[in-house]
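Trainee: Chains A and B, in that order, are what the protein sequence lines are.
Following the working numbering, the numbering of the first sequence begins with 16 at its first residue and continues without gaps.
Following the working numbering, the numbering of the second sequence begins with 669 at its first residue and continues without gaps.
For every residue, glycine included, the Cβ atom is placed at its ideal position computed from N, Cα and C.
Predicted model only: the values in this text are computed from it and were never measured.
Please see the structure below; I have some questions.
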Amino acid sequence: GAKVLACPLNSCPVAPASRSSQEVWESFSQCFTPAVKEVVEFAKSIPGFQSLSQHDQVMLLKSGTFQVLMVRFCSLFDPKERTVTFLNGQSYSLASLRALGMGSLLDAMFDFSEKLGYLGLEPDEMALFMAVVLVSADRSGIVEVGAVEQLQENLIKALRSLITSRRPDDSTLFPKLLLRLPDLRTLNNHHSDKLLAFRIDP
Amino acid sequence: FSDPASNLGLEDIIRKALMGNLEEKPE
């Protein structure tokens, strides 16, 4: 009867059976709300983001917040040790989380974290990549598509310029980075499905 | 459940966080 919400932003992956699903969700919500607010603050700091209509800002954040968080919290996934560190500071093995029914999503998250970590981005490169991730989010519901596309183009140019100026001998890094964008979209869909499944049938 | 962000409460958090500093703009 224990309820499982094995997201590393949760304080603990397993809640006691005595707690109602609503209580478990509310507790989890309190854990992820500060992280979501930080993504919004990050978005506001992206040059040009606040010039978009408020509607389009919300649309990009709705589809991009998890993707930004996935990049930001990649370091919680240790591909070498096959562990995930939760907000309570405790590390859980992939095997134990798999046993809780989190198999394929976690496998995909480990795969993503490993690929991104392998690229060895500097903090400012990572921040610019997160900006590209956010502005490259699903366009459904966007009204001023041209403005979003222009902002995306500017950010991609800035990221390419930063990376190629630092690593003039490595022409593969930038395209490898862009290849992570579809991975993130797939992860986003999978993650949403998992959370919705909990909301419907914990 | 065609809009997961709304159903998970994400949209509400995002709107409130944005409204902290944003003035309402005409759509």
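Can you check whether the CB of A:L75 is closer than 9 Å to the CB of A:I157?
Mentor: In contact: A:I157 and A:L75 (Cβ atoms closer than 9 Å).
Trainee: The beta strand (DSSP E) with A:V51 in it runs from where to where?
Mentor: Segment S36 to S60 is the alpha helix (DSSP H) holding A:V51; no beta strand (DSSP E) there.
Trainee: Please report the Cβ distance between A:F57 and A:M145, rounded to the nearest whole angstrom; I am assuming they are in contact, meaning their Cβ atoms lie under 8 Å.
Mentor: Yes, they are in contact, since the Cβ atoms of A:F57 and A:M145 sit about 7 Å apart, within 8 Å.
Trainee: Below 6 Å CB to CB, which residues in the same chain sit around B:E695 once its five sequence neighbours on both sides are set aside?
Mentor: Residue placement at B:E695 cannot be trusted, given a pLDDT of 49 that sits under 50; the coordinates are not used to answer.
Trainee: Take A:V19 and list the residues in its own chain whose beta-carbon comes closer than 7 Å to its own, dropping the five residues that flank it on each side.
Mentor: The residues are P28, V29, L115 and G116.
Trainee: Considering just the uninterrupted stretch of the alpha helix (DSSP H) at A:V99, what are its terminal residues?
Mentor: No alpha helix (DSSP H) holds A:V99; the beta strand (DSSP E) holding it covers T98 to T100.
Trainee: Can you check whether the C-beta of A:V55 is within less than 9 Å of a C-beta belonging to chain B?
Mentor: Interface residue, yes.
Trainee: Any beta carbon from chain A within less than 9 Å of B:E695's own beta carbon?
Mentor: Residue placement at B:E695 is flagged as unreliable, the pLDDT there being 49, under the threshold of 50; the coordinate-derived value follows with that caveat. Output row for B:E695: interface = yes.
Trainee: So with CB distances below 9 Å, who are the chain B contacts of A:R154?
Mentor: Simply none; closest approach about 14 Å.
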